[in-house]
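S.K.: One structure is given below, represented as structure tokens, and several questions about it will come after.
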Amino acid sequence: MKFIVSIFLIFFSILGYSEEGMIHLDIGRGEARLPIYLMQNSNAIATLILLPGGDAQTGKIIDGKPSSGNFVSRSREFFYAENFNIIVVYRASDLKSLDYPYRINEHVKELREVITFSQNRFRKPVWLIGTSRGSVSATATSIALGESMVQGLVLTSSVTSKKNRSHCYSKCWNFKNADSSHSS
Numbered sequence: 296m297k298f299i300v301s302i303f304l305i306f307f308s309i310l311g312y313s314e315e316g317m318i319h320l321d322i323g324r325g326e327a328r329l330p331i332y333l334m335q336n337s338n339a340i341a342t343l344i345l346l347p348g349g350d351a352q353t354g355k356i357i358d359g360k361p362s363s364g365n366f367v368s369r370s371r372e373f374f375y376a377e378n379f380n381i382i383v384v385y386r387a388s389d390l391k392s393l394d395y396p397y398r399i400n401e402h403v404k405e406l407r408e409v410i411t412f413s414q415n416r417f418r419k420p421v422w423l424i425g426t427s428r429g430s431v432s433a434t435a436t437s438i439a440l441g442e443s444m445v446q447g448l449v450l451t452s453s454v455t456s457k458k459n460r461s462h463c464y465s466k467c468w469n470f471k472n473a474d475s476s477h478s479s
């Protein structure tokens with residue numbers, strides 16, 4: 296029997312271990328849960344936390360997989376094939392939308408939980424990849440948590456908005472005290 300178990304373990308260690316599926320993280324807001332789609336890659340060199348834009352909806356769940364057409368959500372297989380663990384973060388169950396003020400405040404707290412989950416589970420460097428409004432969450436989280444928690448940041452289709460500019464400048468970011476030594 297030990298021989299069969301040994302062969303079984305060797306076989307699966309050669310093939311590599313992977314796990315895939317939806318997980319609903321407790322985010323400390325009553326019954327609210329944060330849905331994440333996890334793809335564990337035994338050959339991973341880092342973990343990519345993918346942050347969809349818009350309202351970060353999962354789309355329909357088909358065969359246990361989110362069908363969202365968002366760029367980072369639909370690209371998860373390509374990233375996985377390049378030897379990364381993948382976590383796609385969707386909108387918390389108690390929300391109907393993810394507006395800008397939420398993304399730079401509460402969403403950062405939620406993403407801290409996701410990053411901690413990732414560090415405990417995978418023990419790999421964490422990179423945030425945000426697209427469109429997800430780039431707002433990725434940037435705010437990277438700034439707030441720093442390089443001890445976020446080792447890399449990739450932004451795609453980043454957003455700007457004249458309409459909300461004065462709101463963000465006055466309430467969200469303090470550019471007046473920013474280091475001016477990096478200006479061109």
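Residue numbers are given in our numbering: position 99 of the sequence shown equals residue 394, and the series is strictly consecutive.
All residues carry an ideal CB built from backbone N, CA and C; glycine is no exception.
Tell me whether the segment 337-354 and the segment 362-378 touch, counting them as touching only if at least three CB pairs, one residue from each stretch, are closer than 8 Å.
M.R.: Touching, yes, given that three or more Cβ pairs across the two stretches are closer than 8 Å.
S.K.: Where does Gln335 sit, in a helix, a strand or coil, going by DSSP?
M.R.: Residue state, collapsed to three classes: strand.
S.K.: Please classify Ile340: is it buried, with 16 or more other beta-carbons within 10 angstroms of its beta-carbon, or exposed?
M.R.: It counts as exposed.
S.K.: Would you call Phe373 buried or exposed, if buried means 16 or more other Cβ atoms sit within 10 Å of its Cβ?
M.R.: Phe373 is exposed by the Cβ-count criterion.
S.K.: For Ile381, I'd like the list of residues in its chain whose CB is within less than 6 Å of its CB, leaving aside the five on either flank, ordered along the chain.
M.R.: Closer than 6 Å at the Cβ level, and outside the excluded window around Ile381, lie Met334, Leu343, Arg371, Phe374, Tyr375.
S.K.: To the nearest angstrom, report how far apart Ala387 and Ser337 are at their CA atoms.
M.R.: Their backbone Cα atoms lie some 28 Å apart in a straight line.
S.K.: Tell me the rounded alpha-carbon separation between Val421 and Gly447.
M.R.: Approximately 7 Å, taken between the alpha carbons.
S.K.: Taking a contact to mean a Cβ-Cβ separation below 8 Å, would you say Leu423 touches Val403 in this structure?
M.R.: Going by C-beta atoms, Leu423 is not nearer than 8 Å to Val403.
S.K.: Report the rounded CA-to-CA distance for Gly425 versus Ile331, giving the unit in angstroms.
M.R.: Distance between the alpha carbons of Gly425 and Ile331: 15 Å.
S.K.: Have a look at Gly441 and Lys360 and give me their C-alpha separation to the nearest angstrom.
M.R.: Distance between the alpha carbons of Gly441 and Lys360: 31 Å.
S.K.: With distance defined between alpha-carbon atoms, name the residue in Asn415, Ser413, Val384 nearest to Arg428.
M.R.: It is Val384.
S.K.: Do Ala327 and Asp389 have their CB atoms nearer than 8 Å?
M.R.: In this structure, Asp389 lies closer than 8 Å to Ala327 by Cβ.
S.K.: Label Ser362 either buried or exposed according to how many other C-beta atoms from any shown protein chain fall within 10 Å of its C-beta, with 16 as the threshold for buried.
M.R.: Under this definition Ser362 is an exposed residue.
S.K.: Work out the CA separation of Ser430 and Ile438 for me, nearest whole Å.
M.R.: Taking the straight line from one Cα to the other gives about 12 Å.
S.K.: Using beta-carbon positions only, say whether Phe417 and Leu320 come within less than 8 Å of one another.
M.R.: Against a cut-off of 8 Å, the Cβ pair of Leu320 and Phe417 comes out as no contact.
S.K.: Given Glu279, which residues of its chain have a CB within under 6 Å of its CB, disregarding the five upstream and five downstream residues?
M.R.: The first residue shown for the chain is 296 and the last is 479, placing residue 279 beyond what the model contains.
S.K.: If the criterion is Cβ atoms closer than 8 Å, does the pair Ala435 and Arg398 meet it?
M.R.: Against a cut-off of 8 Å, the Cβ pair of Arg398 and Ala435 comes out as a contact.
S.K.: On the DSSP bridge list, what partners appear for Asp321?
M.R.: In DSSP, Asp321 forms a bridge with Arg328.
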